[in-house]
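*Asks:* What the first sequence shows, in my numbering, is residues 40 to 315, in sequence order.
Just so it is clear, CB atoms sit at the ideal spot from N, CA and C, and this is done for glycine as well.
The following block contains the structure, expressed as structure tokens.
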Amino acid sequence: MKTLKTKNIKLFQSFIWNFYAHFGRDFPWRQTTNPYHILVSEIMLQQTQANRVIPKYEAFIKNFPTLEKLANAEFKTLLYYWQGLGYNRRALYLQQLAQAIIKKYHGQVPSTQKTLVSLPGIGRYTAAAIQAFAFNQASMVIETNIRTVFIYHFFPKQKQVSDQEIITLINQTVDKKNPREWYWALMDYGAIMKSLIGNSSQQSKHYTKQSKFVGSNRQIRGQIVRLLIANPMVLEEILQKIKKPKGQITPILDKLVAEKMITIRKGKYQIVTRLE
DNA sequence: TTCCTGTGAG
DNA sequence: CTCACAGGAA
40 MKTLKTKNIK
50 LFQSFIWNFY
60 AHFGRDFPWR
70 QTTNPYHILV
80 SEIMLQQTQA
90 NRVIPKYEAF
100 IKNFPTLEKL
110 ANAEFKTLLY
120 YWQGLGYNRR
130 ALYLQQLAQA
140 IIKKYHGQVP
150 STQKTLVSLP
160 GIGRYTAAAI
170 QAFAFNQASM
180 VIETNIRTVF
190 IYHFFPKQKQ
200 VSDQEIITLI
210 NQTVDKKNPR
220 EWYWALMDYG
230 AIMKSLIGNS
240 SQQSKHYTKQ
250 SKFVGSNRQI
260 RGQIVRLLIA
270 NPMVLEEILQ
280 KIKKPKGQIT
290 PILDKLVAEK
300 MITIRKGKYQ
310 IVTRLE
């Protein structure tokens with residue numbers, strides 16, 4: 040593991056802050072410290088480009104301005120506002136989150152790693168991001184843009200850089216006085232670097248090549264959800280509309296039921312109205 | 001550690 | 001067709 044000299048930490052920090060002063064990006068979720076709004080943005084930003092999130096985030100916050108409004112919304116309405124973002128399971132997590140926070144934490148978004156991670160849809164990254172962006176805590180935030188920055192600056196020649204090596208550097212360099220903006224700055228730098236020089240995260244041990252989408256279960260799953268948003272239907276109808284073998288469709292339906300995205304009522308599959 | 005996942009851009 | 005968006009759950 041690398042240990043950086045104080046002088047090099049300062050140099051790196053100055054470089055990042057200087058970049059940020061000139062090229063830092065602005066997003067609607069950076070203009071608030073409302074933990075609920077930041078929570079929404081972080082869930083939306085998982086696996087989704089920031090530019091695509093902007094209009095969705097604004098519409099979502101307008102329609103569900105508080106944790107309570109979100110918790111009490113009809114799930115189908117949520118899915119409507121989620122259209123175009125992809126990974127609609129996150130909409131489910133988000134409502135489950137809102138309900139859990141109201142029930143267990145009196146409507147206050149928790150601020151400790153352990154508690155945040157215990158909530159649905161929040162893992163290590165999102166927990167750390169909420170700590171930094173909502174509560175200005177010097178948590179350890181690692182994601183693709185930040186990985187790119189550290190690989191480029193500290194491991195330019197090395198193949199297969201492990202997250203563990205990067206994490207020690209993140210902890211050494213984080214600006215404890217202003218972690219909120221520090222991580223914005225790192226992410227902005229990484230994002231712009233990627234667009235200019237390509238993705239050096241491919242040097243990361245954790246890089247994986249994407250599997251094919253067309254004909255995949257994930258595509259069919261998306262088709263099923265879209266069908267059911269329009270109309271509840273019986274299995275035969277679904278099989279008829281999605282021209283795939285029954286053996287491929289029913290496991291997907293079972294899974295959707297298991298994660299409480301859809302239910303069966305009077306023999307028809309339908310999007311759940313309200314979470315229980 | 002492995003499996004899972006929606007949509008859009010090029 | 002390939003890739004960006006890879007983090008969360010089991």
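With a threshold of 16 other CB atoms inside 10 Å of the CB of D227, please say whether the residue is buried or exposed.
*Replies:* buried
*Asks:* In terms of residues, what are the limits of the alpha helix (DSSP H) holding R304?
*Replies:* Here R304 belongs to no alpha helix (DSSP H); instead the beta strand (DSSP E) covers I301 to R304.
*Asks:* With C-beta atoms as the reference, is F175 less than 7 Å away from P218?
*Replies:* A small correction: the amino acid at residue 175 is Asn; Phe does not occupy that position in the sequence shown. Yes, they are a contact pair.
*Asks:* Roughly how many whole angstroms lie between the Cα atoms of K244 and A167?
*Replies:* 21 Å
*Asks:* Is F51 closer than 7 Å to T212 when the C-beta atoms are compared?
*Replies:* yes
*Asks:* Can you have a look at H76 and say buried or exposed, based on whether 16 or more other CB atoms are within 10 angstroms of its CB?
*Replies:* buried
*Asks:* Excluding the 5 residues flanking V92 on each side, which residues of the same chain have their C-beta closer than 6 Å to its C-beta?
*Replies:* Within the same chain, M83 and L84 come within 6 Å of V92 by CB-CB distance, once the 5 residues on both sides are set aside.
*Asks:* What is the DSSP secondary structure of S53, counted as helix, strand or coil?
*Replies:* Here S53 sits in helix by DSSP.
*Asks:* Find the nearest neighbour of I205 within the set I141, Y132, G237 and Q242, judged by alpha-carbon distance.
*Replies:* Taking the Cα of I205 as reference, the smallest distance to any Cα among I141, Y132, G237 and Q242 is reached at Q242.
*Asks:* If you follow the alpha helix (DSSP H) that I190 is in, where does it begin and where does it stop?
*Replies:* T183 to F193
*Asks:* Where do the N-terminal and C-terminal ends of the beta strand (DSSP E) with Q309 fall, by residue?
*Replies:* K307 to I310
*Asks:* Using CA atoms only, rank isn't needed, just tell me which of Y119, R163, I259 and P159 is closest to Q152.
*Replies:* If we check each option's Cα against that of Q152, R163 comes out closest.
*Asks:* For the segment 139 to 158 against the segment 187 to 204, do three or more pairs of beta-carbon atoms, one drawn from each stretch, fall closer than 8 Å, so that the two count as touching?
*Replies:* no
*Asks:* Mark P290 as exposed unless 16 or more other C-beta atoms lie within 10 angstroms of its C-beta, in which case mark it buried.
*Replies:* exposed
*Asks:* Please classify T116 as buried or exposed, where buried requires at least 16 neighbouring CB atoms within 10 angstroms.
*Replies:* exposed
*Asks:* Would you mind working out which of A98, W68, R129 and K49 sits nearest Q86, comparing C-alpha positions?
*Replies:* R129
*Asks:* What's the call for Y132, buried or exposed, on a 16-neighbour Cβ count within 10 Å?
*Replies:* buried
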